[in-house]
Amino acid sequence: MGMAADSEFHVLAVDDSIIDRKLIERLLKTSSYQVTTVDSGSKALEFLGLHEDDRIHQNTPSVSPNNHQEVEVNLVITDYCMPGMTGYDLLKKIKESSSLKNIPVVIMSSENVPSRISRCLEEGAEEFFLKPVRLSDLSKLRPHLLKTKSKDHCKEQVDEKPAFPSPKQEGKEEQQQSKNNKRKAMEEGVSPERTRPRPNGITSMV
Amino acid sequence: MDLVQLQRQLVEYRTSLYHEGFLDEQYTQLQELQDENNPDFVVEVVSLFFEDSERLLNELTKALEQQSIDFKRVDAHVHQLKGSSSSIGAQRVQKVCIAFRNYCEEQNVEGCLKCLQQVRHEYSLVKTKLESMFQLEQQILSAGGSIPM
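Which chain is which? The protein sequence lines are A and B, in order. Counted from 1, the first sequence has number 143 at position 143 by the working numbering; the numbering is strictly sequential. Counted from 1, the second sequence has number 56 at position 56 by the working numbering; the numbering is strictly sequential.
Structure below.
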């Protein structure tokens, strides 16, 4: 069982592929997160409580039909390539929203396109995962979540092992860590350090 | 066949699927996500893959039958199939999809039709093999044994 802190974290996963939704859900639950999955960017925004008009919630589970974000979401993980609103569009909308901009966003993509990756990171994505996503990738989420949730646990996070690895992941992390640092945008000399977002004033949240 | 023989047969069969490129490391990742609390995870994901692939193959057939082929549409379907096959570790299907997308980009009808045939073939092969493997697993479980890793 993971640390008590983990089960307090609620991740919203967005992917138009039913297979990938099932996969990411299992990965996240194995990592002891609470998970909600939706199949589009617009449904994600609805769930987050952002409405462009006065649309009433339809059948989004565990959210009562009003315009305020009832359920707290601590992180959004989204596929890049989706019909309609792409993951990038969703990222932009979240970062442009005063109520949502501090929610960390992670992008997933099956395609390793360096310009795509930089664009997402520049727009404020915390991480960019290549698909298929592995358990070891998810260990990178915890630092971003801890930053937003608790001031006490706020740490300067880099590419090291997270502070509270759960028992299941320790073995895997050792093996996968260096492999995964290379899995992101290794073409054209984009180093792991450069794929981190530049500090732009997002410090620990109140 | 007794339990030990069944288990041995399963391990051999599964190993051969990796050697022949039907499955890759991602399938192992799926197995590792399965546990006592989620004992049917792999079968569930793979079943979703079967349903989704059949839908996509039908869409592809229709799209390539059109008088004026919409290659963007064809490519979008292949992209989906490539993604889902990659997610479950169906390596040979994924590889054909890569070639398929290149033909889409070139707007090469013949190439696309050839790939459609190939991807159908690879899909049906991996489906048959996975189903055989699941059957073996079920036999082992019914005989009171556990699935060797």
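For each residue, glycine too, the CB sits at the ideal point set by N, CA and C. As the structure is a prediction and not an experimental result, all values here were calculated from the model.
Practice item. With A90(B) as the anchor, note down where its alpha helix (DSSP H) starts and where it stops. Key: In the second sequence, residue 90(B) corresponds to position 90, counting from 1. Unbroken run through A90(B): none, as it is neither H nor E.
Check your understanding: So, does the CB of S146(B) fall closer than 8 Å to a CB anywhere in chain A?
Key -> Position 146 of the second sequence, counting from 1, holds the residue named residue 146(B). Not closer than 8 Å to any Cβ of chain A, the Cβ of S146(B) fails to qualify, so no.
Check your understanding: Exposed or buried, what is Q31(B) when buried is set at 16 or more other beta-carbons lying within 10 Å of its beta-carbon?
Key -> Position 31 of the second sequence, counting from 1, holds the residue named residue 31(B). Per the 10 Å Cβ criterion, exposed.
Exercise for review: Look at L138(A) and L28(A) and say whether their C-beta atoms are less than 8 Å apart.
Suggested key: Taking the first residue of the first sequence as position 1, residue 138(A) is located at position 138. Taking the first residue of the first sequence as position 1, residue 28(A) is located at position 28. The answer is yes: Cβ separation under 8 Å.
Check your understanding: For F9(A), does the three-state DSSP call read helix, strand or coil?
Key -> Residue numbering aside, residue 9(A) sits at position 9 when the first sequence is read from its first letter. F9(A) falls in the coil class under three-state DSSP.
Review point. Which whole-angstrom value is the C-beta distance of Q7(B) and I140(B), which I expect to be below 8 Å?
Key: For the purposes of this step, residue 7(B) is taken as the residue at position 7 of the second sequence. For the purposes of this step, residue 140(B) is taken as the residue at position 140 of the second sequence. The Cβ separation is near 6 Å, so the contact holds.
Review point. Under a Cβ-count criterion, where at least 16 other Cβ atoms within 10 Å of its own Cβ denotes burial, should L91(A) be classed as buried or exposed?
Key: Counted from its first residue, the first sequence places residue 91(A) at position 91. Its Cβ being crowded by 16 or more others within 10 Å, L91(A) is buried.
**Study point:** Own chain partners of K129(B) with C-beta closer than 7 Å, once the 5 adjacent residues on each side are dropped
**Key:** Your numbering for residue 129(B) matches position 129 in the second sequence. The beta carbon of K129(B) sits closer than 7 Å to those of L17, F22, all from its chain and outside the five residues before and after it, given in chain order.
Practice item. Starting from the C-beta of Q107(B), find all residues in its chain whose C-beta is less than 6 Å away, skip the five residues before and the five after it, and write them out in chain order. Key: The residue given as residue 107(B) occupies position 107 in the second sequence. Cβ neighbours of Q107(B) beyond the five flanking positions: F71.
Check your understanding: Helix, strand or coil: which one does DSSP assign to L57(B)?
Key -> As a first step, residue 57(B) must be located in the second sequence, where it is residue number 57. Look at L57(B) here: in three-state DSSP terms it is helix.
Point to revise | Below-8 Å beta-carbon distance, K182(A) vs any chain B residue | key: Locating residue 182(A) in the first sequence gives position 182, counting from the first residue. Note that K182(A) has pLDDT 43, beneath the 50 cutoff, so the model's placement of it is unreliable and the number below is only indicative. The C-beta of K182(A) comes no closer than 8 Å to any C-beta of chain B.
**Study point:** G83(B) at chain A interface by Cβ criterion, 8 Å
**Key:** In the second sequence, residue 83(B) corresponds to position 83, counting from 1. So yes, G83(B) belongs to the interface.
Practice item. Starting from V4(B), trace the alpha helix (DSSP H) both ways and give me its first and last residue. Key: Here the question's residue 4(B) lines up with position 4 in the second sequence. From DSSP, the alpha helix (DSSP H) with V4(B) extends over 3-19.
Review point. Can you tell me whether M149(B) is buried or exposed, with buried defined as 16 or more other CB within 10 angstroms of its CB?
Key: As a working mapping, residue 149(B) is identified with position 149 in the second sequence. Counting Cβ neighbours within 10 Å, M149(B) comes out exposed, since fewer than 16 surround it.
Exercise for review: Taking all protein chains shown into account, decide if E36(B) is buried (16 or more other Cβ within 10 angstroms of its Cβ) or exposed.
Suggested key: As a working mapping, residue 36(B) is identified with position 36 in the second sequence. Exposed is the label assigned to E36(B), since fewer than 16 other Cβ atoms lie within 10 Å of its Cβ.
**Study point:** Contact set between Q29(B) and chain A, taken where Cβ atoms lie within less than 8 Å
**Key:** As a first step, residue 29(B) must be located in the second sequence, where it is residue number 29. Within chain A, the residues near Q29(B) are P132, R134, L135.
Exercise for review: Can you give me the start and stop residues for the beta strand (DSSP E) that D79(A) sits inside?
Suggested key: Within the first sequence, the letter at position 79 stands for residue 79(A). Run containing D79(A): 75-79, per the beta strand (DSSP E) assignment.
Check your understanding: Are the segment 13-33 of chain A and the segment 70-84 of chain A touching, with three or more C-beta to C-beta distances below 8 Å?
Key -> Result yes; three or more Cβ-Cβ pairs closer than 8 Å.
Exercise for review: Give me the Cα-Cα distance between Q175(A) and F50(B), rounded to the nearest whole angstrom.
Suggested key: The sequence position of residue 175(A) within the first sequence is 175, counting from 1. The sequence position of residue 50(B) within the second sequence is 50, counting from 1. With a pLDDT of 47 at Q175(A), under the threshold of 50, the predicted position of this residue should be treated as unreliable, though the coordinate-derived value follows. Rounded to whole angstroms, Q175(A) to F50(B) spans 32 Å at the Cα level.
Practice item. Find out if the Cβ-Cβ distance for the pair V214(A), A44(A) is shorter than 8 Å. Key: Since the first and last residues shown for chain A are 1 and 206, residue 214(A) lies out of range.
Review point. Going by C-alpha distance, which of I147(B), S85(B), E105(B), Q138(B) is nearest D24(B)?
Key: Counting from 1 along the second sequence, the entry for residue 24(B) is found at position 24. By alpha-carbon distance to D24(B), the top candidate from I147(B), S85(B), E105(B), Q138(B) is S85(B).
Point to revise | Listed by chain order, chain A residues near N38(B) by CB distance under 9 Å | key: Your numbering for residue 38(B) matches position 38 in the second sequence. Residues of chain A passing the Cβ test: R26, K29, T30.
Exercise for review: Please list, in chain order, all residues of the same chain as H77(B) whose beta carbon is under 6 Å from its beta carbon, the five residues on each side excluded.
Suggested key: Along the second sequence, one-based indexing puts residue 77(B) at 77. Once the five neighbours on either side are set aside, the close Cβ partners of H77(B) are L56, E59, L60.
Practice item. Identify whether N38(B) lies in helix, strand or coil by the three-state DSSP scheme. Key: The count along the second sequence starts at 1 and reaches residue 38(B) at position 38. In the three-state DSSP reduction, N38(B) falls in the strand class (E or B).
Point to revise | chain C contact for F50(B) (CB, 8 Å cutoff) | key: The chain inventory of the structure shown lacks chain C, comprising the protein chains A and B.
Point to revise | Same chain only: Cβ atoms within 6 Å of Q118(B), ignoring 5 sequence neighbours per side | key: Position 118 of the second sequence, counted from the start, is the residue given in the question as residue 118(B). Excluding positions up to five away in sequence, the list reads V96.
Exercise for review: From the DSSP output, in three-state form, read off I107(A) for me.
Suggested key: Taking the first residue of the first sequence as position 1, residue 107(A) is located at position 107. If DSSP states are grouped into helix, strand and coil, I107(A) belongs with the strands.
Review point. Nearest chain B C-beta to I19(A) closer than 8 Å, yes or no?
Key: Working through the first sequence from its first residue, we reach residue 19(A) at position 19. At least one chain B Cβ lies under 8 Å of I19(A).
Review point. Applying a beta-carbon distance threshold of less than 8 Å, which residues of chain A neighbour I98(B)?
Key: In the second sequence, counting from the first residue as 1, residue 98(B) sits at position 98. By Cβ distance, chain A contributes nothing, its closest Cβ being about 11 Å from I98(B), past 8 Å.
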